[in-house]
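Protein chains in written order, with the working numbering: chain F, 893 to 1242; chain E, 47 to 358; chain A, 293 to 633.
Now the structure itself:
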């Protein structure tokens, strides 16, 4: 058990809006092991970002955490006072945001923005903080750190800015790093570089990473384990190879099937029909049922529980019930998967 | 450096052109005026008028008078007041300018300071009753004309409670309190409203979110990241603030009987004192043009994103 | 969800019949038009809505002044001079015709031998003119001046801004220099200079106000026009040979209308402020013509002795200003929730 860094149990988060209560995260549980990378994938609006913001306790004012606990090495951070939470943020749990172009204060020299987080959590003199800041810049691959630390964010490219953000985030050697689509706003070559940087830094400081993305190519490359979210719930979770080679949930099939590949002979891109449900009124039964071509009658009445497939692999679909008809994943998936793994290999080599 | 030289010289050319146009326009407007500067023209004989016109230089052709005037003001001579005991305009205004500057500075410092604080509080407590209260204060401050505010303050604190002097500029600082308050309401309301809007936007930005994720306290991140980003655009409202101060000073000085420029201006306007009106117009315009110039330079200096000389 | 999985009947574990219920049921409501949307947002803003109603009432009352004013606003009646307000049925001091005189509270109406059925709701001024009637007429004048000035300043501003933006190049540059120079003159000074040249009166005040207030409007219109002109659909229209004037009318005007209307709404209270301000310092409307400014001007002269003569027009003025500002604020938020200043 001591191997578990972060344990999320039955987390439910909702937002009160003018239209009503939006149930953004519904009964989510997962755990994060020390030093591992867990990828959370899902469409936008599936609750992955809200889940992670809850881990930082950085939710907007209209949000409420309705149930659950988040144990960081045994302490429930949902019960910690706001003052103590500030010591956890940036120090124990850190977060990288999606858009590096807007994540840095445009009016402050980047050196100071890095020093700020060091002096906030470590009792060090300005001079030491400065030394550490220059080290960090070097570490994330900013050349000539002494000169560049005196520059403003607009003097850096998007990729460089994300490196700077990473240096801020890793300044205090956090135990958990949350990366919310850190490469989405960057171009492809830059994406690969940033992911390599994260991977190498992870080894150096032995941090656990929660990686939010919708890019399965990135997932195959970085993740040890993958959690698939749909309509505020985790519907399948398992080791990366299990998700890629033996997916069980029809939504995961659809997701894998709909990713673009390099196979130009494919007639057209697969799309999952329909749209995600309205979380103002979460449907009874399986939320995915209306879009599921393998939907069972039971899906409309009862929500499927998590079925265990292996020690590490779980999925929430009635198809796994003993009474359900046997269904094989669509054949086309195999071919696409091969293609897909090949492509993600491109990342590994770079 | 070269950029700076170009930028500054550009702005200086603009300043001088603007002032020249203003001087020219006011000169010709004033000389087209229907009234006459003499109180009792009907009683004056043509010969007497002739003498007076000679004395004030009104007998020469318009264009000659214009060139003489330009030449004179370049030498710091704004002519002789036609109404106020034949004083030189520069002496007349010189004795009054200190009072107006003190009043204006006190009002602008007090007003913007309180305005910034109110704006920050409102933004931090966005959508609570505190925010509503601050916004309500701002909109009432913007709606209540400064002369009404001045009279109200005078009535409450000087007439009814006799706490502070009712007017005049005789009791040092204490006699400046009420006029300063009256004059600062409008900059206070404008600033608090402006800072609130800016701050709400800044507080919703990604870099503030990152600062929160760093573990900074709300107050600290507002004072470091929030304030620097919200204050930069405030430079753009300094010009309008100056204008409203100039406007305000005219009534506030009148109501509190303060011997300043604003009071002199209204007096001169009511008595067709051309040379003084012109001098005050030029003085106010110069002030405004200089403020606009400083504001432009300041903006270039404090926003690292702007390269000198670039238009925003 | 506490259901025993094993209790679920086996029959349910079959595929749903194809075609049945595959289409996701979704109620598609027609999306509201921009104006409907703005109107809905405006109605949610209670302050703006209340201001709108209040303004409607004030405007109707002011423009019905000749019908509803109890007395002629300019008829002097010296015996009835300086009477405090008397509202029948109200016995609060200050509103019941009593006032301090030499330290004693006495019934001024009895002293002036005013018939019992003759009430001055707002009191009278130093010449015995009914202040209610004068306030109604005064509000009418002040509002008229403000409305006309706002319309003129809208027309000139839109025309100037559009021309400048659409002509571009040298014309634009020249027109912008003119604006820059004009911003260097404090607007009040400009207004006063204008008033010195023209004989004081409604027209000259309107003219003077317009001269100083169209500048911000022109700026906004130009900036917005440039922004919209660069949008792709307008570029496309130009590429297809649409003429500039046509372009301005069919594409640009509708898109800047919201911002222009909001800006014009803000210029009304500022025009009211300037009119009262000018009349207050004595260069605007001239006594005996009633405007809110002249009422304040004469009220201020008497205000140590008869404060109500100052407070009544002050309160009316503040209410009008506040209502216009709140309404304009609401309108701005309704047209564009994200739009700033």
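Cβ coordinates follow ideal geometry from the N, Cα and C atoms, glycine included.
Relative to the C-alpha of residue i, which residue among the options is closest?
i                       : options                        : result
residue 904 of chain F  : F:917, F:913, F:896, F:897     : F:917
residue 253 of chain E  : F:900, F:980, F:1005           : F:1005
residue 312 of chain E  : E:66, E:296, E:321, E:302      : E:296
residue 1164 of chain F : F:1148, F:1200, F:1176, F:1178 : F:1148
residue 301 of chain A  : F:988, F:1214, F:1224          : F:1214
residue 498 of chain A  : A:585, A:436, A:534, A:607     : A:436
residue 346 of chain A  : A:485, A:608, A:531, A:475     : A:608
residue 265 of chain E  : F:1013, F:978, F:915           : F:978
residue 601 of chain A  : A:434, A:375, A:553            : A:375
residue 1189 of chain F : F:1199, F:1176, F:1201, F:968  : F:1176
residue 428 of chain A  : A:587, A:502, A:626, A:461     : A:587
residue 624 of chain A  : A:565, A:551, A:561            : A:551
Which two residues bound the contiguous alpha helix (DSSP H) that contains residue i?
i                      : result
residue 525 of chain A : 524–531
residue 352 of chain E : Counting along the chain, residue 352 of chain E falls outside any alpha helix (DSSP H), and DSSP gives it neither H nor E.
residue 338 of chain A : 338–355
residue 459 of chain A : 423–459
Does the CB of residue i have a neighbour CB from chain F at under 7 Å?
i                      : result
residue 259 of chain E : yes
residue 334 of chain A : no
residue 338 of chain A : no
residue 56 of chain E  : no
Suppose contacts are defined by Cβ-Cβ distances below 7 Å. Is residue i in contact with residue j by that definition?
i                       : j                       : result
residue 1075 of chain F : residue 274 of chain E  : no
residue 138 of chain E  : residue 127 of chain E  : yes
residue 141 of chain E  : residue 306 of chain E  : no
residue 1118 of chain F : residue 1111 of chain F : yes
residue 424 of chain A  : residue 414 of chain A  : yes
For residue i, is the classification buried or exposed, using 16 other Cβ atoms within 10 angstroms of its Cβ as the cut-off for buried?
i                       : result
residue 318 of chain E  : buried
residue 618 of chain A  : buried
residue 525 of chain A  : exposed
residue 215 of chain E  : buried
residue 546 of chain A  : exposed
residue 1027 of chain F : exposed
residue 120 of chain E  : exposed
residue 59 of chain E   : exposed
residue 357 of chain E  : The predicted model places residue 357 of chain E with a pLDDT of 46, which falls under 50 and marks its position as unreliable, so this point remains unresolved.
residue 1145 of chain F : buried
residue 50 of chain E   : exposed
residue 306 of chain A  : exposed
Is the Cβ of residue i closer than 7 Å to any Cβ of chain A?
i                       : result
residue 203 of chain E  : no
residue 917 of chain F  : no
residue 1215 of chain F : yes
residue 1115 of chain F : no
residue 278 of chain E  : no
residue 1212 of chain F : no
residue 193 of chain E  : yes
residue 1238 of chain F : With a pLDDT of 46 at residue 1238 of chain F, under the threshold of 50, the modelled position of this residue cannot be trusted, and the question is left open.
residue 1123 of chain F : no
residue 1188 of chain F : yes
Looking at the unbroken beta strand (DSSP E) that takes in residue i, where does it start and where does it end?
i                       : result
residue 902 of chain F  : 896–909
residue 986 of chain F  : 985–988
residue 961 of chain F  : 955–964
residue 1122 of chain F : 1117–1122
residue 1128 of chain F : 1125–1131
residue 1103 of chain F : 1100–1105
Cβ of residue i less than 7 Å from any chain E Cβ?
i                       : result
residue 521 of chain A  : no
residue 1106 of chain F : no
residue 1046 of chain F : yes
residue 995 of chain F  : yes
residue 632 of chain A  : The predicted model places residue 632 of chain A with a pLDDT of 40, which falls under 50 and marks its position as unreliable, so this point remains unresolved.
residue 949 of chain F  : no
residue 478 of chain A  : yes
residue 939 of chain F  : no
For residue i, is the beta carbon positioned less than 6 Å from some heavy atom of the ligand ADP?
i                       : result
residue 1170 of chain F : Ligands in the displayed structure: none, and consequently the ligand ADP is not present.
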